[in-house]
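Below is one structure, written out as C-alpha cells; the observations come after it.
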Amino acid sequence: MTENGPPDCPRCGTEPLPVLYGLPGPEMFEAAERGEISLGGCEVYDDAPRWRCRGCGGEFGRLGDPR
C-alpha cells in the first residue's frame with residue numbers, strides 16, 4: 109500500500125484508478141478521459157471493485173470491505 113494513497117495493484121504493482129459508480133455527469137466523463145478515474149456503471153453492489161489497475165486492467169478491493 110502506498111502512503112496516503114491507493115494500494116498498488118496486487119498483480120503488477122501499478123497504481124490503480126478509483127472506480128466511481130452512479131450516473132456520470134460531464135465532470136466524471138472528463139475525469140475518466142483524463143485518466144483520473146474509472147467509471148463503474150450505475151448499479152452499485154457491496155462486491156463491486158473499488159480499484160481498477162491502470163496497467164493490467166485488474167480490479168481489486170471491494171466497496172463493502174473496510175478501507
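According to my numbering, the sequence shown holds residues 109 to 175 in order. Using N, Cα and C, we set each Cβ at its ideal position, and we do this for glycine too.
Residues that Cys150 bridges to, as DSSP identifies them: Note: Cys150 sits in no beta bridge, so no partner.
Proximity of Leu147 and Arg158 at Cβ, strictly below 9 Å: Contact: no.
From Leu131, Gly113, Asn112, residue whose alpha carbon lies closest to that of Phe151: Position check: residue 151 holds Glu in this sequence, whereas Phe was assumed. Taking only the C-alpha atoms, the option nearest Glu151 is Leu131.
Simplified DSSP state of Pro134, which is helix, strand or coil: Pro134: helix per DSSP, three-state reduction.
For Glu141, the three-state DSSP class (helix, strand or coil): Assigned with DSSP and collapsed to three states, Glu141 falls in helix.
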